[in-house]
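K.L.:
There are 2 protein chains.
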Amino acid sequence: MVTLAEVAQHAGVSASTVSYVLSGKRSISANTRQRVERSIRELGYHPNAGARALASSKSNIIALMVPLRTDMYVPVMMEIAIAVATSARAHGYDVLLLTGEEGPDAVRRVAGSGLADGMILMDVELDDERLPLLRATDQPSVLIGLPADTSGLTCVDLDFRATGALCVEHLAKQGHQDIAVIGEAPAVYERHTGFAERTLDGLRTRSRELGVRLLHRPCEGGYDAMAVTLARILDERPDTSGLIVQNESAVEPLLALLRQQGRAVPEDVSVVAICPDQVAMQASVRLTSVAIPAQEMGRHAVDQLVAKLEGRGSDEVVLLAPELTVRGSTGPAPSRS
Amino acid sequence: MVTLAEVAQHAGVSASTVSYVLSGKRSISANTRQRVERSIRELGYHPNAGARALASSKSNIIALMVPLRTDMYVPVMMEIAIAVATSARAHGYDVLLLTGEEGPDAVRRVAGSGLADGMILMDVELDDERLPLLRATDQPSVLIGLPADTSGLTCVDLDFRATGALCVEHLAKQGHQDIAVIGEAPAVYERHTGFAERTLDGLRTRSRELGVRLLHRPCEGGYDAMAVTLARILDERPDTSGLIVQNESAVEPLLALLRQQGRAVPEDVSVVAICPDQVAMQASVRLTSVAIPAQEMGRHAVDQLVAKLEGRGSDEVVLLAPELTVRGSTGPAPSRS
DNA sequence: ATAGGTTGTCGAAGCGCTTCGATGCGGATT
DNA sequence: AATCCGCATCGAAGCGCTTCGACAACCTAT
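Residue numbers (the numbering used here), protein chains in the order written: chain C, 1 to 337; chain B, 1001 to 1337.
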């Protein structure tokens, strides 16, 4: 293993000079810099991460806490995680992957050990048990998702309230009077996941304002669960002509069922999805949808965190504006029979 | 921040004693140990990761390189990643998330800087460009997936050759004579991804042995691509009665199309999927499938790597035996019209 | 009673890096 | 010619931990 000292000797300068060449924190003559850089290349030197962390008390690592559950909104999570890793690298940081498993202890461990300089939390619940710790340790952090109380926290999220409103508006504008929402699995609501409740709030508020009827039903993923849920909805509100789906793994089953029952999309029923663009475009019907901008969320979160770590940056809540893309699954409401 | 020295002072012992209490590398009297442990608790001491890494030249971190592509076999990747993170924690390791983006350089960076003690590579190609480096740096590592040349490497994977064989056998045993394989996207084959080619090999070899006809067609995910692919298959081999799908995002579209065309599963067509159990069970037809044991693969990889890091462990190729679960999507071949 | 072996603890020497103050030097300012 | 300043470099002091050899203290076998 090559050390700083060896590079210094090889280049005929002192260790500190090499260090300054590397960090750029003091001016170095062009001549010396080149000699040092050459030695670094020739010896294949790589600074030792541990030593660096110890001496500078900065690890250049960002911790990312992802939910343990592998069953829900997986693609979104994955996309965010990858976006985080990629943007972090662009800022010179590496990413440490923490699963929800350890829970709040992970926060303590990471903050205490100086393993990471800051952390990004995903899948934040409205009243998340990690938040008190986060506030207490003054560990620089950014949440992806919105808790109930955002004071003293930096958060990044899609504006799900506006998302809900947007979906209702779109359907209402086309004359739909009876709208049903097929939501995430019941467990998601029971955990008081921010995005689910906020979407619902936006949906309800806007539909009240616009005077349309709204029915919300949670739904597990998969075909059978969807079949039951759809039957219940149509039983309860036979005039339902607009459907809003916020559950990736319910999308395709829903379309299959509608087809099977002879309900044409969008002639008989309009469907709006809240899902990644890819899902909306790969479905058996091109779905009108509000995209979940996973990449952008990940990138924003990193940008915010890095800003904090560099002393700039503040406790801000960034809500990304939703965008509804009209594709083939929505159209005018059918005239009442 | 609390340091070892402070704990030592608080407990009235020397720093080295505290260190030995923590590591258990020398015997300590019960009395002293308790005093030290009490001080640790009272002061809320957490060892500093950087200092530890520097002094011991072990970071207790495992690097996990995941493919950058977010479009393919995502759930499997995610499940593996989470399994890796979870098992690693159980062994006292944290996980550093690297994306494929950096390519081989990531290997150099991690190995050189001592950031991680070892690494796990996913999405290994048959002739992966990271392998030469891996062999050169003698960085302890484990691959998930099989390259062409496994000499000097430790690999963990599902036995995809056996998987392919198993699928063919199952269908052949039910009398199917014309079998079509709907594979991963063409890009996957072009990259020479090990698992895809091996599966194909298993499928072909076994079908030759059993004297059944086999047609293989790569297929992008999504409904449209599937429609085209299916049409081509049925055009070319109208007698096809057995389908084998190895592409998660083609499963549901396939079922929808078959339904739409009035082909009953399993009466007219039998379908075997190679996919995670969850996908097979959530589909609109309970799919007979060979599971991709993502969790197990992740766990095995970590176990192997940890064994290597502790000096035990060898360069072994672990192939997990495939298991075919019969569900509702396969049955006897229809008698020829 | 004495040599020999355990057991439990301590002190000190690093691990490889960053960073601060000091220093030498040439050029600009009086 | 004396003074001041900025630039480029160096030396040394740590950062918080692990680990090795040393050493008392005690126990056992002779």
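Where a beta carbon is used, it is the ideal one built from N, C-alpha and C, also for glycine.
Predicted model, so just to flag it, every value in this text is computed and none were measured.
Going along the chain, which residues of its own chain have a beta-carbon closer than 7 Å to the beta-carbon of P1322/B, five neighbours each way excluded?
P.N.:
Correct list, in chain order: L1158, D1159, A1162, T1163, L1166, V1290.
K.L.:
Counting only beta-carbon atoms, is G1222/B nearer than 8 Å to chain C?
P.N.:
So, interface residue.
K.L.:
For G152/C, does the count of other Cβ atoms within 10 angstroms reach 16, so buried, or fall short, so exposed?
P.N.:
With fewer than 16 Cβ atoms within 10 Å of its Cβ, G152/C is classed as exposed.
K.L.:
Which class does G1024/B belong to by DSSP, given the choice of helix, strand or coil?
P.N.:
Residue state, collapsed to three classes: coil.
K.L.:
Considering just the uninterrupted stretch of the alpha helix (DSSP H) at A185/C, what are its terminal residues?
P.N.:
Counting along the chain, A185/C falls outside any alpha helix (DSSP H), and DSSP gives it neither H nor E.
K.L.:
For the region 200–220 of chain C against the region 172–188 of chain C, do three or more pairs of beta-carbon atoms, one drawn from each stretch, fall closer than 8 Å, so that the two count as touching?
P.N.:
Touching, yes.
K.L.:
Can you tell which of K1308/B, A1015/B, T1205/B, P1332/B has its C-alpha closest to the C-alpha of G1175/B?
P.N.:
Per the Cα distances, P1332/B.
K.L.:
Identify the residues that DSSP records as bridge partners of E1125/B: which are they?
P.N.:
Note: E1125/B sits in a beta bridge opposite T1193/B.
K.L.:
Does the Cβ-Cβ distance between T218/C and P186/C come in under 8 Å?
P.N.:
One point to set straight first is that residue 218/C is Pro, not Thr, in the sequence displayed. Contact flag set, yes.
K.L.:
List, in order along the chain, the chain C residues whose C-beta lies closer than 8 Å to that of S1059/B?
P.N.:
Near S1059/B (Cβ distances below 8 Å), the residues of chain C are A49, G50.
K.L.:
Let me check understanding here. Comparing Cα to Cα, which of G50/C, L134/C, Y20/C, S57/C lies closest to S65/C?
P.N.:
Rather than Ser, the amino acid found at residue 65/C in this sequence is Met. Among G50/C, L134/C, Y20/C, S57/C, the Cα nearest to that of M65/C belongs to L134/C.
K.L.:
From the beta carbon of S1029/B, is the nearest beta carbon of chain C less than 8 Å away?
P.N.:
Cβ-Cβ to chain C under 8 Å: no for S1029/B.
K.L.:
Can a CB atom of chain C be found closer than 8 Å to the CB of Q1009/B?
P.N.:
Chain C, which has no Cβ nearer than 8 Å to the Cβ of Q1009/B, makes this no.
K.L.:
Using the C-alpha atoms, what's the distance from S1207/B back to V1326/B?
P.N.:
Going by the C-alpha atoms only, they are around 19 Å apart.
K.L.:
In chain C, which residues lie less than 9 Å from E1102/B when you measure between Cβ atoms?
P.N.:
Here the neighbours are R89.
K.L.:
Note the first and the last residue of the continuous alpha helix (DSSP H) segment covering I1233/B.
P.N.:
1223–1236 is the span of the alpha helix (DSSP H), which, as asked, contains I1233/B.
K.L.:
Going by the CB atoms, is the gap between L4/C and S19/C shorter than 8 Å?
P.N.:
Result yes, Cβ atoms of S19/C and L4/C sit closer than 8 Å.
K.L.:
Just to check my reading of the structure: I80/C and M297/C have Cβ atoms closer than 8 Å, yes? What is that Cβ distance to the nearest angstrom?
P.N.:
At roughly 6 Å, the Cβ-Cβ gap stays under 8 Å, so I80/C and M297/C are in contact.
K.L.:
Give me whichever residues DSSP pairs with V1156/B in a beta bridge.
P.N.:
In DSSP, V1156/B forms a bridge with I1144/B, V1318/B.
K.L.:
Three-state secondary structure (DSSP) at H1091/B?
P.N.:
Residue state, collapsed to three classes: coil.
K.L.:
Evaluate the contact criterion for the region 1244–1263 of chain B versus the region 1273–1291 of chain B: three or more CB pairs, one atom per stretch, below 8 Å.
P.N.:
Taking 8 Å as the limit for Cβ pairs, the verdict is that the region 1273–1291 of chain B does touch the region 1244–1263 of chain B.
K.L.:
Could you check whether the Cβ of T3/C sits closer than 8 Å to any Cβ belonging to chain B?
P.N.:
Chain B, which has no Cβ nearer than 8 Å to the Cβ of T3/C, makes this no.
K.L.:
At what residues does the alpha helix (DSSP H) containing M1/C begin and finish?
P.N.:
No alpha helix (DSSP H) holds M1/C; DSSP gives it neither H nor E.
K.L.:
When burial is assigned at 16 or more other CB atoms within 10 Å of the CB, is M1/C buried or exposed?
P.N.:
By the 10 Å Cβ count, M1/C comes out exposed.
K.L.:
If we count the other Cβ atoms within 10 Å of its Cβ and call it buried at 16 or more, is E220/C buried or exposed?
P.N.:
Counting Cβ neighbours within 10 Å, E220/C comes out buried, since at least 16 surround it.
K.L.:
With respect to the alpha helix (DSSP H) encompassing L254/C, which residues constitute its N-terminal and C-terminal limits?
P.N.:
It spans 248–260 - the alpha helix (DSSP H) in which L254/C sits, taken as one unbroken run.
K.L.:
Can you check whether the C-beta of M122/C is within less than 8 Å of a C-beta belonging to chain B?
P.N.:
No, its Cβ sits nowhere closer than 8 Å to a Cβ of chain B.
K.L.:
To the nearest angstrom, report how far apart A1011/B and E1042/B are at their CA atoms.
P.N.:
Their Cα atoms are separated by approximately 10 Å.
K.L.:
From the DSSP output, read off the bridge partner residues of M1065/B.
P.N.:
The partner list for M1065/B (beta bridge, DSSP) reads L1098/B, L1121/B.
K.L.:
Any C-beta of chain B sitting closer than 8 Å to the C-beta of E323/C?
P.N.:
For E323/C, the answer is no, since every Cβ of chain B falls outside 8 Å of its Cβ.
K.L.:
Which residue's Cα is closest to the Cα of L287/C: K308/C, A196/C, V279/C?
P.N.:
Checking every option, the nearest Cα to that of L287/C belongs to V279/C.
K.L.:
Buried or exposed: where does N31/C fall if 16 or more other Cβ atoms within 10 Å of its Cβ makes it buried?
P.N.:
Exposed is the call here.
K.L.:
So, V76/C versus I120/C, is the Cβ gap smaller than 8 Å?
P.N.:
Result no, Cβ atoms of V76/C and I120/C do not sit closer than 8 Å.
K.L.:
Which residue's Cα is closest to the Cα of G118/C: E236/C, L68/C, G100/C, T154/C?
P.N.:
Residue T154/C is the option with its Cα nearest to G118/C.
K.L.:
Give me the residue from S249/C, Q139/C, N60/C, D315/C with the minimum Cα distance to V156/C.
P.N.:
If we check each option's Cα against that of V156/C, D315/C comes out closest.
K.L.:
Going by DSSP, what residue range makes up the beta strand (DSSP E) through H1216/B?
P.N.:
Segment 1213–1217, the beta strand (DSSP E) holding H1216/B.
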